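The structure under discussion appears below in the form of structure tokens.
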Amino acid sequence: MKVEQIAVFLENKSGRLAEITATLAAEHINIRALSVADTADFGILRLIVDNVEKAKAALKSNGFTVGITNVVAVEVADKTGGLAGVLKTIEEEQLNVEYMYAFVNKTGENAVLIFRFDAMDKAIEALQRTGYTLLSGKEICAL
Amino acid sequence: MTLYWEEEMETLPRVGLESIQLKRLQKLVTRVYETVAPYREKMDASGVKPADIQSLADLAKLPFTVKDDLRDNYPFGLFTVPMDRVVRVHASSGTTGKPTVVGYTKKDIKTWAGLMARALTCAGATSQDMVHNAYGYGLFTGGLGAHYGIERLGATVIPVSGGNTKRQITIMKDFKSTVLMATPSYALNLAETMVGLGVDPQSLALRVGIFGAEPWSENMRDEVERKLNIKAVDIYGLSEIMGPGVAMQCLEGEKGMHVFEDHFLPEIIDPETGEVLPPGEKGELVFTTLTKEAFPLIRYRTKDISRLMYDDCACGRTLVRMEKVTGRTDDMLIIRGVNVFPSQIEHVLMGTEGVEPHYQIVVNREGNMDTMAVEVEVSEDIFSDEVKNLENLSKRIQADIKDMLGVTCKVKLVEHKTIQRSEGKAQRVIDNRKL
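Chains as they are written, first to last, in my numbering: chain A, 57 to 199; chain B, 1388 to 1822.
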């Protein structure tokens, strides 16, 4: 089970992030989770939103370079060792994490871990086999 | 079957051509010596008289004319006819000082229109064509120069000029333009705007593009051909010599442009020493106008880098071909002692999959070191959500440039559409060094 994530290319210039969030706000798009990867010259903003197609169209028409990639959302109990358990499964399968970020759901009981793996299907299979709960895009937005 | 506009002149055997050239040259040298003081003074200073021109090789005895000579005699000092015979003037943009002004008699305009018709015919255009002329109209020679040639050919001219790109596309679609004339960078701007408007270039009637007025690489040609679904050919000219229509690529020949030698005598010189180089060698292109009345030029240094190719061409024209101009002696950047032409960098970029033909070269001096940064736009094709993929891309471009030029540069990825789009001549270099 994969979740669609929006990625946006950002030059390191002041105000760019604000423009993106304003664009999404104007379209009534809600951001569920985000992370920014940055280098000296540029950054990549990754977003999980409640309406991927609408967000992509709005950002594109405002001149941003946008890509859609699949990620995996794993729900774990928000307690010590939650992330470590997931990573252990991944390590045992000899898979790599390209990047990850996380947020805690509204009730505060569970954490949602967003992953991009080098071999997505293998990782999904391994996680499901180990009994982890994977969330769909819809489920994330409903949290 | 090859179409010619003036078959006899375009297919003359070299001996016949050279005899015409010599006669015209002798007449010209005598006329400018007698009528234009600055030419006379320069020739006297080099100890050469019109009678010394006995063969085409004697051309090398004559002094060069350079852009500064034109500026020093601003505006009309080098005209050889009284102003009442001048029916039109054009002027260069003059980004570095005073503009240079050129003039034409009635006969000059007629000659020019004829040569442009010859150039259009070279590209396969006929009186049946609808020619979309996106060269700027005005003081720039491109727009009006092409315009008169299109009319002379008997084709239909759309005098659309530069700018207002969206409207241009509507016109192209509705009027069914078959031939596009523009700068290559503007052609790419048109292609990109079409994509934005959802217009499929395949649905247009465009068949061929005649592109000139700025140096462009072979890879850029491929890009234009692919994006607009046309055949892209090269036209060469400069306002000082006449305007567009000095040399033209034919459809049959592989590479290079036929110089209209019955009107313009080309030479290739070493830009450092001024020595004439043997046929086939690369150097600075120098032109002498053989038939112009109002504003002839003797041995004018164009600063364009090219070479002359005398081998036979499949089209049957005997006129020598000049190689595509890929650089100018004055747009050559010297980065830490290495000569760098923007077109070389363009070649690397256009050879990298997914990279858009929009780039800019920024040169700075940090301490005593020159630094060069190449700004490349991140399109959807090359964008990735993983940092390492983008970093690998810039490293690969950097390595390719290093391989080609021997210079280390920084490749900076910038957001899409942040590099200014061309509406005429593209600005490729920003040199911040205070030299």
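All C-beta atoms, glycine included, are put in the ideal place defined by N, C-alpha and C. Since the structure is predicted, the reported quantities are computational estimates derived from the model, not experimental observations.
Pull up the CB-CB distance for residue i and residue j, whole angstroms please, since I reckon it's below 8 Å.
| i | j | result |
| --- | --- | --- |
| B/I1656 | B/E1671 | 5 Å |
| B/M1503 | B/G1530 | In fact, because the Cβ distance is near 12 Å, the residues do not count as touching under 8 Å. |
| B/L1390 | B/T1508 | 5 Å |
| B/L1446 | B/T1675 | 7 Å |
| B/G1525 | B/G1630 | No, B/G1525 and B/G1630 are not in contact; Cβ-Cβ is about 12 Å, not under 8 Å. |
| B/P1653 | B/L1706 | In fact, because the Cβ distance is near 10 Å, the residues do not count as touching under 8 Å. |
| B/M1719 | B/M1644 | With a Cβ gap of about 21 Å, B/M1719 and B/M1644 do not count as contacting. |
| B/V1518 | B/A1512 | 7 Å |
| B/V1611 | B/G1632 | No, B/V1611 and B/G1632 are not in contact; Cβ-Cβ is about 20 Å, not under 8 Å. |
| B/I1722 | B/V1750 | 7 Å |
I need the boundaries of the beta strand (DSSP E) containing residue i, first residue and last residue.
| i | result |
| --- | --- |
| B/R1704 | Taken as a continuous stretch (DSSP letters only), B/R1704 belongs to no beta strand (DSSP E), as it is neither H nor E. |
| B/P1653 | F1651 to I1656 |
| B/S1781 | That residue, B/S1781, is in no beta strand (DSSP E); its alpha helix (DSSP H) goes V1774 to L1792. |
| A/Q184 | Careful: A/Q184 lies outside any beta strand (DSSP E), inside the alpha helix (DSSP H) at M176 to R185. |
| B/H1477 | V1473 to A1478 |
| B/H1645 | M1644 to V1646 |
| B/H1534 | No beta strand (DSSP E) contains B/H1534, which is instead part of the alpha helix (DSSP H) from T1528 to L1540. |
| B/N1751 | Y1746 to E1753 |
| A/N166 | N166 to F173 |
| A/G141 | Segment G138 to E148 is the alpha helix (DSSP H) holding A/G141; no beta strand (DSSP E) there. |
| B/I1597 | V1595 to F1598 |
| B/D1459 | Segment K1454 to D1459 is the alpha helix (DSSP H) holding B/D1459; no beta strand (DSSP E) there. |
So what's residue i in DSSP terms, helix, strand or just coil?
| i | result |
| --- | --- |
| B/V1379 | Past the edges of chain B, shown from 1388 to 1822, lies residue 1379 of chain B, and the structure says nothing about it. |
| B/E1610 | helix |
| A/I87 | strand |
| B/L1390 | coil |
| B/V1712 | coil |
| B/E1764 | strand |
| B/D1621 | strand |
| B/I1368 | Absent from the model: residue 1368 of chain B. The displayed extent of chain B is 1388 to 1822, so no value can be given. |
| B/E1668 | coil |
| B/E1662 | coil |
| B/H1803 | coil |
| A/K135 | coil |
| A/M156 | strand |
| B/V1547 | coil |
| B/R1688 | strand |
| A/D97 | coil |
| B/V1402 | helix |
| B/V1468 | coil |
| A/V92 | strand |
| A/L73 | helix |
Comparing the CB of residue i with every heavy atom of the ligand MG, is any distance shorter than 7 Å?
| i | result |
| --- | --- |
| B/V1620 | Here there are no bound small molecules, and the ligand MG is not part of this structure. |
What does residue i touch in chain B if you count any residue whose Cβ is under 9 Å from its own?
| i | result |
| --- | --- |
| A/F159 | Here the premise fails: no neighbours, minimum Cβ distance about 18 Å. |
| A/A78 | The contacting residues do not exist; A/A78 stays about 16 Å from chain B at best. |
| A/R102 | D1772 |
From which residue to which residue does the alpha helix (DSSP H) around residue i run?
| i | result |
| --- | --- |
| B/P1425 | A1424 to A1432 |
| A/L115 | V108 to S117 |
| B/G1632 | Per DSSP, B/G1632 belongs to no alpha helix (DSSP H); it is in the beta strand (DSSP E), G1630 to M1635. |
| B/N1576 | P1571 to L1584 |
| A/G194 | Note that residue 194 of chain A is Lys in the sequence shown here, rather than Gly. Segment G193 to A198, the alpha helix (DSSP H) holding A/K194. |
| B/K1560 | T1552 to D1561 |
| B/M1517 | Taken as a continuous stretch (DSSP letters only), B/M1517 belongs to no alpha helix (DSSP H), being part of the beta strand (DSSP E) at M1517 to N1520. |
| B/E1641 | First-last for B/E1641: undefined, no H or E at that position. |
Please list, in chain order, the chain B residues whose beta carbon lies closer than 8 Å to that of residue i.
| i | result |
| --- | --- |
| A/G119 | E1802, H1803 and K1804 |
At 9 Å on the CB atoms, spell out the chain A contacts of residue i, in chain order.
| i | result |
| --- | --- |
| B/K1799 | E67, D97 and F98 |
Closer than 7 Å by beta-carbon distance: list the chain B residues that pair up with residue i, in chain order.
| i | result |
| --- | --- |
| A/R88 | Chain B residues near A/R88: none, gap ~17 Å exceeds 7 Å. |
| A/A93 | V1774 |
| A/A63 | D1772 |
Under 8 Å between beta-carbons, which chain A residues line up against residue i? List them in chain order, please.
| i | result |
| --- | --- |
| B/E1778 | T95 |
| B/E1767 | T121, V122 and G123 |
Q.
Under 8 Å, with one C-beta from each stretch per pair, do the region 109-122 of chain A and the region 146-166 of chain A reach the 3-pair mark?
A. no
(Q) Three Cβ pairs or more, each shorter than 8 Å: is that satisfied between the region 1536-1554 of chain B and the region 1774-1794 of chain B? (A) no
Q: Pair every Cβ in the region 1685-1701 of chain B with every Cβ in the region 1738-1749 of chain B, then say whether three or more of these pairs are closer than 8 Å.
A: no
Q. Residues in the region 123-156 of chain A with C-beta within 8 Å of chain C's C-beta atoms, listed in sequence order?
A. Among the chains of the structure shown, chain C does not appear; the protein chains present are A and B.
**Q.** contact_flag[the region 1721-1734 of chain B, the region 1525-1541 of chain B] where n(CB pairs < 8 Å) is 3 or more
**A.** no
Q | Cβ pair count under 8 Å reaching 3, the region 93-102 of chain A against the region 66-78 of chain A | A | yes
Q: Would you check if there are 3 or more beta carbon pairs closer than 8 Å linking the region 1601-1619 of chain B to the region 1571-1590 of chain B?
A: yes
Q: Could you say if the region 1434-1452 of chain B and the region 1412-1421 of chain B meet the contact criterion of at least three C-beta pairs nearer than 8 Å?
A: yes
**Q.** Cβ contact check for the region 1448-1456 of chain B and the region 1685-1705 of chain B: 3 or more pairs under 8 Å
**A.** yes
(Q) Quick test of the definition: if touching needs 3 or more C-beta pairs under 8 Å, does the region 126-133 of chain A touch the region 162-171 of chain A? (A) yes
Q | At least three beta-carbon pairs within less than 8 Å, the region 1417-1435 of chain B to the region 1466-1473 of chain B | A | yes
Q) Is it a yes or a no for the region 137-145 of chain A touching the region 175-192 of chain A, going by three-plus beta-carbon pairs under 8 Å? A) yes
Q: Could you say if the region 1563-1581 of chain B and the region 1803-1819 of chain B meet the contact criterion of at least three C-beta pairs nearer than 8 Å?
A: yes
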